[in-house]
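Written below as structure tokens is the structure these notes are about.
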Amino acid sequence: MRRLKKICYFFLLLLVAEATAQTPRVISILAQPAADSLVVSVQLADIFSPKIVNTIRSGLPAVIRFDFRLLEEPDHELQQMTHSLRLLYDLWSDRYRLQFNQREQIAASFAEMEKLCTKIDTLKLLPRRRLVPQKTYQLRLQVAVIPISAKQDQQLRDWLEVADDTEESAPGEDRAAGFRLNLNKLFSFLGGKKENPFGASEWAVSPPFRVQ
Amino acid sequence: MQAFLRKNLVHLLVSITILAAQPTRAQAQEGQLIVEQLKILGLRKTSSQVVQGYLSFREGDILTPELIERNYQTLQATNFFKQVSFRSEPGSGRGKVIVVCEVIERQWPTFEFAGGYSELDGWYFSPLGVRLDNLLGTGHWLGLRIIFGDRVAGANLRFYQPNIFNSTANFQFDADITGRQIIHYFDARASRQNIAAAGLRLALSGSRGLGKYLSGGLQFGETQPDSFATFVNRKDTLYTFPEIIAKELGKKRLSSVWLRLQADTRDNALFPTKGIWGALSVEAIGGDTKFNRTVFDGRVYQKLGIGVLAWRLKLAKTSEATPFYERFYLGGVNSLRSFDERRLTPVGYSTKLSLSNLEYRIPLEWDKQGKPRFVGVLFFDAGRINGLKEIIGDDTVKSLGFGVRVKVPVLGLLRMDFAYPEKHPDDFHFYLTLGHLF
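Order-wise, the sequence lines are chains A and B. In terms of the numbering used here, the first sequence is residues 161 to 372. In terms of the numbering used here, the second sequence is residues 892 to 1329.
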């Protein structure tokens, strides 16, 4: 009985640890067709875990990745779009640099930088002409914060793109060129295994919208 | 006076010794980040030295995001870990950084499917290979795979241990059992002869210093060619070989010692734009037959205009006593294009070979990683082999051609070449294979 209790506590602790592992949250997402493009406003919370804060404060960059999916109702995915916001703390001038959407903003403090990151306004996502009038659309969004390099968030996808090309091991030996497919990685990829070791937000969905 | 000198001399020597013993630490200059400490977390069986051996930075080095990204990819490629991540923490002063590398070790074997094209064996597939890399946490590679192909069937066991006994030397052991078919041309008709072989190969190489340029090893093997060859059209079988082949039909045990001098200064292994890759290998073989073999293979890459000029020169020589299956051949997709596989090889193969391939590679489209995804190629091949005059009436054979290389997910680089012999430009050959020629 005592052993059973211990096992229950252990699993409870695991659940608590999983629940308290800080991942970003999408508070709201609003998509609005404007004059020439589809414009999105996003509000986030809890974007910086202590590990990310430490990385930024040490002077190395962090990337906030916005993964958008345009859906046509009822649930047909039309397009995937990714936008990245790069953050860098300049230790020498004590300023935070935010590069997003081909624009750079400077923040004087961490709090100011966090405020700029949590509220993204009027992000032009795609040309309005791509949307068909009278059809109803929705936008899904997942946000991930990755320290140092965005590559740390897409290891399985990268691996599939960059196959394990092989060449002969030494010149002079009989020439051989080919590929090696790691089946464990392939099954992980097909199984939709979580790729980002730093966690990502849950998928958030915008209210339905139409082009008039 | 003497006492004063002695006292100060001792003081000076002690000061020099202390200064020499102090590690030289770079100070962070404005705009620079310096690695103050490296923390490796998550290791359960793997020695931290194994991870450090793969990392290209040390404490005191200048740190950039690109450096971290390269090291992240290197650790990922080892296949020792299910997950690798890098983050950082502020160090003791401005610009000093604590780099944290966190890994989750792989506990189970990995399985792989492999394939490709080999100059020796043609198309091959390994439907299932099992890898037990880093099983003991020492950073070794251990793999077993079964191979089937156009002209080959067999199994290979490979063990590779980098940094043996914490040195910069690497040890490799290979055991093979294969049945392969070698191609002969008799009266311009292609035939195939089976050769059964089993062998062991031990190799020692290095990753730094002299060992980076020098490797060597031992090889032991037993070979048994079939006493007949089947013509490719399968209508008839040849039982009476010319003397040069007939005398080598018995079972032979051969052992060899080999030494290789090598250099690699390429900027990228899969699409080099500058640098050289080359080796001179010398082999002394004993056992049932005694012979020597020397092979030089040099490749030069240089940016030129919008593309890259790539040149390969292969020179090879072996003793007259060498059995035909240990000699050289010419012709084919990885040799001299515009001729069928080994079509330019005399009966009984040859003891001397020279081959030169010149390519101008023009990248036409790039992928997300900045690597060429679509490459156009113009090429010129020239080759000589003993006995070539009896086959084509000339000492040297040349061919020209063009091709494309397309990067394909999983398969890697797909190569398509159109090659024309210099003397008969209407007789073009088309090849579809994997990887660059060199």
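Where a beta carbon is used, it is the ideal one built from N, C-alpha and C, also for glycine.
Query: Below-9 Å beta-carbon distance, A/S309 vs any chain B residue; Result: yes
Query: Coil, strand or helix - A/I207 by DSSP; Result: coil
Query: Contact check, B/F995 vs B/F972, beta carbons under 9 Å; Result: It should be pointed out that residue 995 of chain B corresponds to Ile in this sequence rather than to Phe. It is a contact, given that the beta carbons lie within the stated cut-off.
Query: Beta-carbon gap between A/G359 and A/T183 smaller than 9 Å; Result: yes
Query: Test: A/S244 CB closer than 9 Å to a CB of chain B; Result: no
Query: Counterpart residues of B/R1252 in DSSP-defined beta bridges; Result: B/V1199 and B/V1268
Query: Cβ-based neighbour list, A/I147, same chain, cut-off 6 Å, excluding 5 preceding and 5 following; Result: Examination of residue 147 of chain A is not possible in this model, given that chain A is present from 161 through 372 alone.
Query: Boundaries (first-last residue) of the alpha helix (DSSP H) holding B/V1238; Result: Note, B/V1238: premise wrong, no alpha helix (DSSP H); not H, not E.
Query: Best match in B/V975, B/K987, B/R985 and B/V991 for proximity to B/I931 [C-alpha to C-alpha]; Result: B/V991
Query: Spatial distance of B/G1166 from B/R949 (CA atoms); Result: 26 Å
Query: Extent of the continuous alpha helix (DSSP H) run through B/V1332; Result: Residue 1332 of chain B is absent from the structure shown; chain B starts at 892 and stops at 1329.
Query: B/Y1220, DSSP secondary structure in three states; Result: coil
Query: Touching by the beta-carbon criterion (3+ pairs, under 8 Å), the segment 1143-1154 of chain B and the segment 1250-1258 of chain B; Result: no
Query: Touch test, the segment 322-342 of chain A against the segment 1004-1018 of chain B, Cβ-Cβ under 8 Å, three pairs minimum; Result: yes
Query: Below-9 Å beta-carbon distance, B/F1187 vs any chain A residue; Result: yes
Query: Contacts around B/L966, its chain only, beta-carbon distance under 8 Å, and the 5 residues preceding and following it disregarded; Result: V942, Y945, L946, F972, V975, C992 and V994
Query: Where A/T326 falls: helix, strand or coil (DSSP); Result: strand
Query: Under 9 Å between C-beta atoms of B/I1037 and B/A1046; Result: yes
Query: Beta carbon of B/L1200 nearer than 9 Å to that of B/S1245; Result: no
Query: Other residues of its chain near B/T969: CB distance less than 7 Å, five sequence neighbours each side excluded; Result: Y945
Query: Proximal chain B residues relative to A/R257, where beta-carbon distance stays under 8 Å; Result: In chain order: nothing, as chain B lies at least about 13 Å away.
Query: Proximal residues of chain A, C-beta to C-beta of B/Q974 below 7 Å; Result: P357
Query: Check whether B/G1107 and B/L1095 have beta carbons under 9 Å apart; Result: yes
Query: Beta carbon proximity, A/S269 to chain B, threshold 9 Å; Result: no
Query: Start and end residues, beta strand (DSSP E) containing A/R195; Result: Here residue 195 of chain A is Ala; the residue named in the question, Arg, does not match the sequence. No beta strand (DSSP E) contains A/A195, which DSSP labels as neither H nor E.
Query: Between the CA atoms of B/R1218 and B/F1319 - distance to the nearest angstrom; Result: 27 Å
Query: Below-9 Å beta-carbon distance, B/H1320 vs any chain A residue; Result: no
Query: Delimiting residues of the alpha helix (DSSP H) encompassing A/S348; Result: L343 to L350
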